[in-house]
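Residues are numbered in the working numbering as their position in the sequence shown, beginning at 1, plus a constant of 36.
Where is the CB? At the ideal position from N, CA and C, for every residue including glycine.
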Amino acid sequence: MSDSIGTAVVTGASSGIGVAYAEQLARRGHDLVLVARRKDRLDALAARLSKVASRKVEVLVTDLAKPEGIRSVETLLSERDDIDLLVNNAGLGALGPAAAANADAVESLVLVNVLALTRLSLAAVRNFQKRNRGTLINIASVIALGPAPGAAAYSGSKAYVLNFSRSLEMECANTAVSVQTILPGPVHSEFFEQSGVTKPMFPEHLYMTADQLVATSLKGLELKESVCFPTLPELDQWGEYESARKKFAKSIVTTGIPAQRYA
Ligand SMILES: NC(=O)c1ccc[n+]([C@@H]2O[C@H](COP(=O)([O-])OP(=O)(O)OC[C@H]3O[C@@H](n4cnc5c(N)ncnc54)[C@H](OP(=O)(O)O)[C@@H]3O)[C@@H](O)[C@H]2O)c1
37 MSDSIGTAVV
47 TGASSGIGVA
57 YAEQLARRGH
67 DLVLVARRKD
77 RLDALAARLS
87 KVASRKVEVL
97 VTDLAKPEGI
107 RSVETLLSER
117 DDIDLLVNNA
127 GLGALGPAAA
137 ANADAVESLV
147 LVNVLALTRL
157 SLAAVRNFQK
167 RNRGTLINIA
177 SVIALGPAPG
187 AAAYSGSKAY
197 VLNFSRSLEM
207 ECANTAVSVQ
217 TILPGPVHSE
227 FFEQSGVTKP
237 MFPEHLYMTA
247 DQLVATSLKG
257 LELKESVCFP
267 TLPELDQWGE
277 YESARKKFAK
287 SIVTTGIPAQ
297 RYA
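Next comes the structure, spelled out in structure tokens:
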């Protein structure tokens, strides 16, 4: 086994994008801790990566919708000094109209997409800041920028991921700790099926593979892109969007006087 360049924790590593992160990070020389509920899949991936990439791969079977599950990963992130990368990837969509929503599935979404991601990010950033090194990658979605019927809780959760992660990124600005938020469009994985969607939601040409997505994320890190839009043709467009947002935000905080139309 060759020297490790550090240990990466990947949540949701039993499927889709998480598997692709694990594979590409192992190939780059990271040891890994793979987190999810499906032990058989994590064990199979760990065995494969230990062999083909000659890496040390640990498995942590845990449910991130449960307080004790979150705590077990938090403890790891707080106590281990070899961990210098966390990919908060575990997530679910619980898609469908709110009137027909399964409230328990929506609660799991909030616990995994929001609460677990928050607590794990805080534990990781705290430990990274102590050592002044480390990288946090949080998976949002393009839907973070657009409220959408049929995806109320999902779009809300990803808007949270975007604002939360960007705020952390600002706090880490003058340190050697990096925070990347990635906003993928549709990606081939088990995501839609897990949300009970049986037919393709988007035309085929809008999808990318999990491998392509992860390659953009890791290249984006090299390019120091703290917010990564895998399919955005020109980065300037994000700059223009941000300028418009800041201009609007300024116009709503210039006075405490209610606007004339509400008189
Ligand atoms: N696919 C897309 O089009 C797309 C687009 C934008 C963003 N994303 C985001 O990308 C991330 C990965 O999604 P994916 O497309 O790879 O979907 P996926 O194939 O369904 O994988 C989801 C992963 O999350 C894990 N997970 C779900 N609930 C969990 C829980 N309670 N505890 C622990 N792990 C849990 C699953 O593992 P277990 O079931 O084994 O626990 C699985 O490994 C998600 O955050 C998703 O919102 C996806």
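Annotation for GLY54: the continuous alpha helix (DSSP H) segment containing it runs 52-63. Under DSSP, VAL95 shares a beta bridge with LEU70. Rounded to whole angstroms, the Cβ separation of LEU204 and SER253 is 17 Å, and the two are not in contact under 8 Å. Cβ atoms of ILE175 and GLY127 come within 8 Å of each other, at about 6 Å. With a contact defined as Cβ atoms closer than 8 Å, PHE227 and GLY52 qualify at about 6 Å. Collapsing the DSSP output to three states places ASN174 in a strand. Assigned with DSSP and collapsed to three states, VAL123 falls in strand. Look at ARG73: its beta carbon is less than 7 Å from one of the heavy atoms in ligand 1. Each of GLU59, ASP39 and LEU70 was checked against the Cα of ASP247, and the nearest Cα belongs to GLU59. Within the stretch 179-266, the complete beta strand (DSSP E) segments at least 3 residues long are 213-218, listed from N- to C-terminus.
Between ligand 1 and GLN248, a heavy atom-to-CB distance of less than 7 Å is absent.
The beta carbon of ALA187 sits closer than 8 Å to the beta carbons of GLY129, LEU131 and ILE179 from its chain, once the five residues preceding and following it are set aside; these are given in chain order. At the C-beta level, GLY221 and LEU242 come within 8 Å of one another. At least one heavy atom of ligand 1 lies less than 7 Å from the C-beta of GLN230. Contact between LEU172 and ALA159 is ruled out by a C-beta separation of about 10 Å, above the 8 Å threshold. Relative to ligand 1, the beta carbon of ALA49 is positioned inside 7 Å of a heavy atom. Membership of ALA285 in the alpha helix (DSSP H) is indicated by the continuous run 272-287.
By a beta-carbon distance limit of 8 Å, SER40 contacts ASP67. Their separation comes to about 4 Å.
With a minimum length of 4 residues, the unbroken runs of alpha helix (DSSP H) contained wholly in the stretch 129-164 fall at 139-145.
By the Cβ-count criterion, ILE218 is buried, with 16 or more other Cβ atoms from all chains shown falling within 10 Å of its own Cβ. For THR47, the enclosing beta strand (DSSP E) starts and ends at 43-47.
Where PRO294 is concerned, there is no enclosing alpha helix (DSSP H), because DSSP gives it neither an H nor an E.
In this structure, the beta-carbon distance from VAL148 to VAL46 does not fall below 8 Å. Residue environment analysis places ILE293 among the exposed positions, since fewer than 16 neighbouring C-beta atoms fall within 10 angstroms of its C-beta.
When only Cα atoms are considered, GLN230 and ARG77 end up about 16 Å apart.
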